[in-house]
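Going by numbering that gives the first Met the number 0, the letters in the sequence shown line up with residues 0 to 731, in that order.
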Amino acid sequence: MRTGEPPPAVGEILAALATGLWHWNTATGLVTVDAEAARLLGLPSERATLSQAQVRARLHPVDWNEISGVIQLAVAEGTLGEVRVRIMDDLGRVVRVGRSRFHASFDREKRSYEVTGSLQEVTEPVPGTSAGRTAVTGDWRRSREAFLLDAGRALAEARSTAEVLRVAAGLSMPGFSPDGLAVFGVTGDRLTIIGHHGHQPGDEGPFTHMALDTDYPAAEVVRTGRAVYLSSPEKYKDRYPVTWPLAAHFDRQSWAFLPLTVAGRTMGAWMAAFTYPVAFTPDERSVLTTVARMLAQALSRAEAAESARELTDGLQRSMLPKLGPEIPGMRVAARYVPTGGGLQVGGDWYDMIPLPGGTSRTEFGGGRFALVIGDVQGHDVRAAGLMGQLRIALRAYASEGHRPDAVLSRASRFLHGMTFGALDEDPSDLRFATCLYVEVDPASGLLDIARAGHPDPAIRMTDGTVLARPTAGGLPLGIDPDADYPTTRITLEPGETMLICTDGLIETGGHDLETGWKRIRSILEEHDGDLEGLADALVQAVHGPSSHHTTGPLADRREDDIAVLLLHRQGDGHADTALRTTVRRTVLSVAQAEPERVGVARQQLRELLHDWASEDQVDSAVLLLSETLTNVLVHTDADALLLAEVRGEPGDRRVRVEVTDTSDDLPHRRSPGELASSGRGLMLIELLAQAWGVDPRGEGKSIWFELYESEGAVESGGGSVEVAVALDVELP
């Protein structure tokens, strides 16, 4: 070109440089290419208008998909896009590799892109070139996809802000890993440092509480919602001269500041700093942008989870009481574990209530008190609200001095009015609650128990033997406003511990009531420690090892809320220690109107003798108990009281079973005929018991028998069965 001549057309210059031009309108789906671009695509060297399908057929399918992502990224960041593409012939063979740089714009009305770019042929990197620093094809893309999958999984599993930051600090990006990270948050009109990595303690000082209108990259990112890439110190200094001195002493070479955006709201910024120059190619920007999006989502989830935990803790502190001060002769321990879902708050609760007639609210002293445990149906905020109201109502009724049965009757009427009273109530929203109310007299160890559809209490005796204590009960609270709740009285002996709990402790982990109770029983029997340690052992064994920060088979089994109350009656020093290995005892009443409690008594005796040396003697004891109780119910009009007691050391123990009634009619020996249906009770006792007798009382009488373990251990099996068959008696 001579001086003074007009410059050649742009197209001629580009053609001389073997560079073609193309234009793509996604609204029409047409791609216009000049002659050079057509030649590079393997088409005749002439200007043409092609369809998207025609262009797509000339490009490797993976590279075509990559172009769409880079276009969106370029529009979002307001930068030029760049891709490398593999151009293929009609047989699907790669004939050349091209590089295209383009500018893209987005029409919001038409919701379409217009893209104008260049295309030129480039040399494919020779084997051995670092995949992390090359084009978007080949191993680098696969490494990037694997990295993003791993990063996404790790960030999705993070449960707290601190854990999210630890995961972010440990990410190793393919080919370019930052050695310095910082996460900025926003409080009002100022930046805050949520966390950082790769810096010394105190380095964050100048950047904390920085105003959003400061000439600092992170502040600009938060203001505009657009990323800032600084590939060299010179670019940082030229663009942000005021705040450059703050970053200069870190001796970094490149920086990327990306917005942390969730649901269209910029919640902060993420800085990735590098000790080596990074060009921030479209591929590298794509990786950084994807990580920033995942990081923003993870931080948002962690923030929501932490807020929920704070709400849960607040609700728990406000709704669950602190146990009262030390009670002479008694110790109490409690645990509450919320379910793992939602707000981690539900309808389980417990309470400890001082009762009138003895001491003040703050001084339990030796006066009576009540223990309450219950479970409102559901694991949501409504269940928690009903639980709080029901707990207050129970405390009010108990403080008025009502007996256990009256307390539960009033509470049932109260809950029924709240949940079933509204005519427009959604049937799916109707709720009920199970409850166990125990009135405790510390001086005597007497426990008066009323139960509303709740699991029965269990007693751990002084030698570790555990018995379930069946108690009379009624319907769950809130179902029938006129329901009755009979009271059962038992005695907690010195050295014994009572367990009451919600069904979450029993059924968690796929158990039903039977298998779950066996699991709990083994824990109670094997634990050798204080009351607080026992409470921890029960909860830990049920919902599994803590695993908030790990995955796998040890994940927490929080399927239901768990509430546990333990009440221990202390012994008298050395006497308690002696009792621990020598005495176990159970007491049970059987009324005339409750013949089904004979079966309960048999089960109680079997549990009392669970480790007896001779199974035959256990069968004999159960048979004789059934006979004596049945005689009272059949031949008198009185109720029966069972007292069963085991004394002595294992291998040389004695079991004494005593049945007392208020009738003065003494049993007498009869000679029943072959077809007689009764009259063999005393004959059984004489044949199977080592000792027995009838003791008249001031009112009524007591029939007792004894069996000795040392004698039963050497006897042959089948004794009680053979005797029962010989006497034509049906075994219970």
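Glycine residues also receive a C-beta, built at the ideal position from the N, C-alpha and C atoms.
Return yes when the Cβ of residue j is within less than 7 angstroms of the Cβ of residue i, no when it is not.
i, j, result
"Ala482", "Ser411", "yes"
"Leu49", "Val30", "yes"
"Glu626", "Leu706", "no"
"Gly416", "Pro355", "no"
"Ile489", "Arg468", "yes"
"Phe183", "Ala217", "yes"
"Thr470", "Ile499", "no"
"Asp88", "Val94", "yes"
"Ala395", "Gly346", "no"
"Asp440", "Thr507", "no"
"Arg100", "Gly116", "yes"
"Ala540", "Tyr349", "no"
"Ala301", "Val163", "yes"
"Leu170", "Ala150", "yes"
"Ala255", "Tyr228", "yes"
"Pro456", "Asp502", "no"
"Leu566", "Met497", "yes"
"Glu606", "Leu466", "yes"
"Ala761", "Val656", "Nothing about residue 761 can be reported from this structure: the residues present for the chain run from 0 to 731 only."
"Arg430", "Leu385", "yes"
"Ala73", "Ala103", "yes"
Residue i: buried (16+ other C-beta within 10 angstroms of its C-beta) or exposed?
i, result
"His526", "buried"
"Gln616", "buried"
"Glu595", "exposed"
"Ala15", "exposed"
"Val12", "A small fix is needed here, since residue 12 is Ile in this sequence, not Val. Exposed."
"Pro60", "exposed"
"Tyr275", "exposed"
"Leu533", "buried"
"Gly19", "buried"
"Pro240", "exposed"
"Gln603", "buried"
"Arg107", "exposed"
"Leu370", "buried"
"Ser545", "Model confidence at Ser545 stands at a pLDDT of 43, short of 50, so the residue's coordinates are unreliable; what they give is reported in the following sentence. Burial call: exposed."
"Glu673", "Residue placement at Glu673 is poorly supported in this model, since its pLDDT is 48, which falls under 50; the coordinates still yield a value, given next. Exposed, because fewer than 16 other Cβ atoms sit within 10 Å of the Cβ of Glu673."
"Lys109", "exposed"
"His208", "exposed"
"Glu495", "buried"
"Gly598", "exposed"
"Arg450", "buried"
"Val121", "exposed"
"Ile391", "exposed"
"Arg92", "exposed"
"Arg57", "buried"
"Gly366", "buried"
"Ser619", "buried"
"Gly267", "buried"
"Ser521", "exposed"
"Glu708", "buried"
"Val631", "buried"
"Ser67", "exposed"
"Glu35", "buried"
"Ala246", "buried"
Taking DSSP's pairing of strands, which residues face residue i in a bridge?
i, result
"Ala333", "Leu564"
"Gln119", "Thr18 and Arg98"
"Val375", "Ala432"
"Val185", "Leu190"
"Glu81", "Arg100"
"Trp269", "Val182 and Leu257"
"Phe413", "Per DSSP, none; premise fails for Phe413."
"Val645", "Arg583 and Val654"
"Leu476", "Ala432"
"Tyr112", "Phe105"
If we define contact as Cβ-Cβ less than 7 angstroms, is residue i a contact residue for chain B?
i, result
"Leu642", "The question asks about chain B, but that chain is absent: this structure has only one protein chain."
Practice task
Count the CB pairs spanning the region 181 to 191 and the region 223 to 232 that are closer than 8 angstroms, and state whether there are at least three.
Solution key: Output reads no: the region 223 to 232 does not touch the region 181 to 191.
Q | Length-filtered (4 minimum) alpha helix (DSSP H) runs lying within the region 465 to 534 | A | Entirely contained in the region 465 to 534, the alpha helix (DSSP H) runs reaching 4 residues are, in chain order, 502 to 506 and 512 to 525.
Next on the checklist: Does the contact criterion of 3 or more C-beta pairs under 8 angstroms hold for the region 22 to 29 versus the region 242 to 261?
Outcome noted: Taking 8 angstroms as the limit for Cβ pairs, the verdict is that the region 242 to 261 does not touch the region 22 to 29.
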